[in-house]
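Colleague: In case it helps, this note's numbering puts the sequence shown at residues 4 to 297. Glycine is no exception: its CB is placed at the ideal position from the N, C-alpha and C atoms.
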Amino acid sequence: MESDMKHKLPINYLGQFYNLELEEHADIQVDDGIIAKNFCSFEVKNYAKLRIGKQVFFNSSCVLRCMEKVTIGDYCLFGDGVKIYDNNHHYSHHHIETISFSTAPITIGRHCWVGANSVILKGVTIGDNVIIGAGCTIYKDVPANTIVTSTGTMTYRPRPQYDKQVTTFTASDTLEHLEYLVTSLPDIAFNILAGTHISPHLNSFRRFSNVNIYSNINDTELEDEILDRTSIYLDINHWWEVKDILNRCQQKQIPIYSFDTVAHQPELTNTMISSNHSEEMVQAIQDFFKERDT
Numbered sequence: 004m005e006s007d008m009k010h011k012l013p014i015n016y017l018g019q020f021y022n023l024e025l026e027e028h029a030d031i032q033v034d035d036g037i038i039a040k041n042f043c044s045f046e047v048k049n050y051a052k053l054r055i056g057k058q059v060f061f062n063s064s065c066v067l068r069c070m071e072k073v074t075i076g077d078y079c080l081f082g083d084g085v086k087i088y089d090n091n092h093h094y095s096h097h098h099i100e101t102i103s104f105s106t107a108p109i110t111i112g113r114h115c116w117v118g119a120n121s122v123i124l125k126g127v128t129i130g131d132n133v134i135i136g137a138g139c140t141i142y143k144d145v146p147a148n149t150i151v152t153s154t155g156t157m158t159y160r161p162r163p164q165y166d167k168q169v170t171t172f173t174a175s176d177t178l179e180h181l182e183y184l185v186t187s188l189p190d191i192a193f194n195i196l197a198g199t200h201i202s203p204h205l206n207s208f209r210r211f212s213n214v215n216i217y218s219n220i221n222d223t224e225l226e227d228e229i230l231d232r233t234s235i236y237l238d239i240n241h242w243w244e245v246k247d248i249l250n251r252c253q254q255k256q257i258p259i260y261s262f263d264t265v266a267h268q269p270e271l272t273n274t275m276i277s278s279n280h281s282e283e284m285v286q287a288i289q290d291f292f293k294e295r296d297t
């Protein structure tokens, strides 16, 4: 298996310790004269594209993780501990996904030198003849013929938290009137929990700042933590009820709101709204929080 991996990524490995994780359908094209020293790690996922030009050198402990596309031009040098990631964990105001990622291609031009312990993040294009000093984090494009150094300045941004939260557990990617509710109630966080990978359709709701998606969640303690900060449970998912959630909400005295077309246990529902009048659900949720906060 190790020889198969080395054949798929034909690099001159100087040393005995390296990590190769090259999935079956990874698309890899490398030129001649590539060198990698001890403790380098290369990971290329299925259908991701890795392109490396000739005479490229990776010093010890470099890491390259490719989920979409990484292109490196000829005659590039990477110092010890350089990290190249074309992906990032999905995250929201309350949650960081463990195995769900956003991606964007990285392009590094010819004749570039990246100093030790620098990090190149997704979506970056670096022009030809660029020098990047040690310890830089490259998160935006670098024009050709540029020298980049770090001043050590750090920027801190608040991570907003919502005190108004509603939650839905689902095994379906269809939630009744979800987009209308999300856009009509921008000051309310919508927690969407799924026990498996989610579809591109449901994943697309990450574009809304007030949507927190938890995929592959199978941790009762974490589920209860989310429920404990939930003010309303929205029983709006198509298909079946998930994880006996309605009884769990009733035990926690969380009111259940639903549309008449998708209610899984109508007898447990506190507020039932006609699916033909989604604006009434918006009003009911607004009324709940108005009463709560007075």
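(1) CB-CB under 6 Å to S281, same chain, minus the five flanking residues each way: which ones, in chain order?
(2) Go through its chain and collect everything with a Cβ distance to T101's Cβ below 8 Å, but skip five positions before and after it.
(3) Considering only residues of the same chain and omitting the five flanking positions on each side of P146, which have a CB-CB separation below 7 Å?
(4) Tell me A287's beta-bridge partners as DSSP assigns them.
(5) If you follow the beta strand (DSSP E) that H93 is in, where does it begin and where does it stop?
(6) Buried or exposed for F193, going by 16 or more other Cβ atoms inside 10 Å?
(7) Leaving out five residues before and five after G36 in sequence, what residues of the same chain have Cβ atoms less than 8 Å from its Cβ?
(8) Hey, quick one: how far does the beta strand (DSSP E) through N22 stretch, first residue to last?
(9) Nearest-angstrom Cα distance between Q164 and G112?
(10) Taking 6 Å as the cut-off, is the C-beta of S187 nearer than that to any heavy atom in the ligand MN?
(11) So, does the stretch 189-203 touch the stretch 254-264, judging by three or more C-beta pairs under 8 Å?
(12) Is it buried or exposed for S202, if we count other Cβ within 10 angstroms and need 16 for buried?
(13) For C69, which beta-bridge partners are listed by DSSP?
(14) Among T274, K167, C115, which one has its Cα closest to the Cα of V214?
(15) To the nearest angstrom, how far is it from the Cα of Y88 to the Cα of R295?
(16) D176: buried (16+ other C-beta within 10 angstroms of its C-beta) or exposed?
(17) Spatial neighbours of Q289 within its chain, please: CB distance less than 8 Å, with the 5 preceding and 5 following residues excluded, ordered by chain position.
(18) Is the separation between the beta-carbon of Y236 and that of T173 shorter than 7 Å?
(19) Establish whether the CB of S218 and some CB of chain C are separated by less than 7 Å.
(20) Secondary structure at F211, three-state DSSP: helix, strand or coil?
(21) What span of residues does the beta strand (DSSP E) with E100 cover, start to end?
(22) I'd like the span of the beta strand (DSSP E) that includes I276, first residue to last.
(23) Decide if G118 is buried, meaning its Cβ has at least 16 other Cβ atoms within 10 Å, or exposed.
(24) Which residues does DSSP pair with A39 in a beta bridge?
(25) Could you pull out every residue in the same chain whose Cβ sits closer than 6 Å to the Cβ of G138, ignoring the five residues on either side in sequence?
Modeller: According to the structure data:
(1) H180, Y183
(2) H92, N219
(3) G130
(4) Partner(s): none; A287 has no beta bridge.
(5) 90-94
(6) buried
(7) N15, K57, Q58, V59
(8) Start and end: 21-25.
(9) 40 Å
(10) As far as ligands go, the structure on display features none, and thus does not contain the ligand MN.
(11) no
(12) exposed
(13) V47
(14) K167
(15) 45 Å
(16) buried
(17) L188
(18) In this structure, Y236 sits away from T173, with a CB-CB distance that is not shorter than 7 Å.
(19) Among the protein chains of the structure shown there is no chain C, as only one such chain exists.
(20) coil
(21) Residues 99-106.
(22) 274-276
(23) buried
(24) Y16, F61
(25) N120, S153
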